[in-house]
Amino acid sequence: MAGPRITGGDTPDTVRQYLNEIGKHPLLTAAEERVLGKAVKDGQAAKERLDDKSSKPSAADRKSLRDAVKAGEKAKERMVNANLRLVVSIARRYDRKELHLSDLIQEGNIGLMHAVDKYDYEKGFKFSTYA
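Start counting the sequence shown at 19; every next residue gets the next number (my numbering).
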């Protein structure tokens, strides 16, 4: 979900390769962030409805809900991938005496995934400001 992983130590080649990979994902416009944010929220709501044991949606509704969940997952992946460079730029600011850059990036990517889940597109803030 969060793009390519850095494995092993922090050699310049592994970090450079990771940066090349994440650079292939285009940044999002504010309008794209809103559309994707809505799709993520809609997917979360659909998943809650599917998981609700007291709810008995029809077969057609279940298919529609599953489609919304899939669309939400794709939207989340796109938002995460488009913001991986943000994680790297923040991770580079930290003093790395105790943690490798790759460890900081990995933890930042986990935080980024949580931020996408919690992002409220309706408030009008850019995702990068929220994250």
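In this text, a Cβ means the ideal position worked out from N, Cα and C, and glycines have one as well.
Under a 10 Å Cβ-count criterion, asparagine 101 is classified as buried, with 16 or more other Cβ atoms of the shown protein chains found around its own Cβ.
Under the 8 Å Cβ criterion, the segment 83-103 counts as touching the segment 55-71, having at least three qualifying pairs.
Glycine 41 and threonine 32 have their C-alpha atoms spaced approximately 14 Å apart.
Cβ neighbours of leucine 46 within its own chain (closer than 6 Å, five residues either side excluded): Ala100. Inter-residue distance for aspartate 70 and aspartate 135 is about 19 Å (C-alpha atoms, whole angstroms).
The beta-carbon distance between glutamate 50 and lysine 144, rounded to whole angstroms, is 11 Å. This is too long to meet the 8 Å contact definition. Secondary structure note for histidine 132: its alpha helix (DSSP H) is the uninterrupted segment 119-136. In the structure shown, threonine 147 falls within a helical segment according to DSSP collapsed to helix, strand and coil. Per DSSP, the unbroken alpha helix (DSSP H) holding threonine 32 starts and ends at 30-40.
Counting along the chain, arginine 103 sits inside the alpha helix (DSSP H) bounded by residues 102-109.
Contact between the segment 71-78 and the segment 117-137 is absent, with fewer than three C-beta pairs closer than 8 Å. Taken atom to atom, the span from the alpha-carbon of isoleucine 108 to that of lysine 115 is near 16 Å. Put simply, of Lys94, Leu117 and Asp113 the residue whose alpha carbon is nearest the alpha carbon of tyrosine 137 is Lys94.
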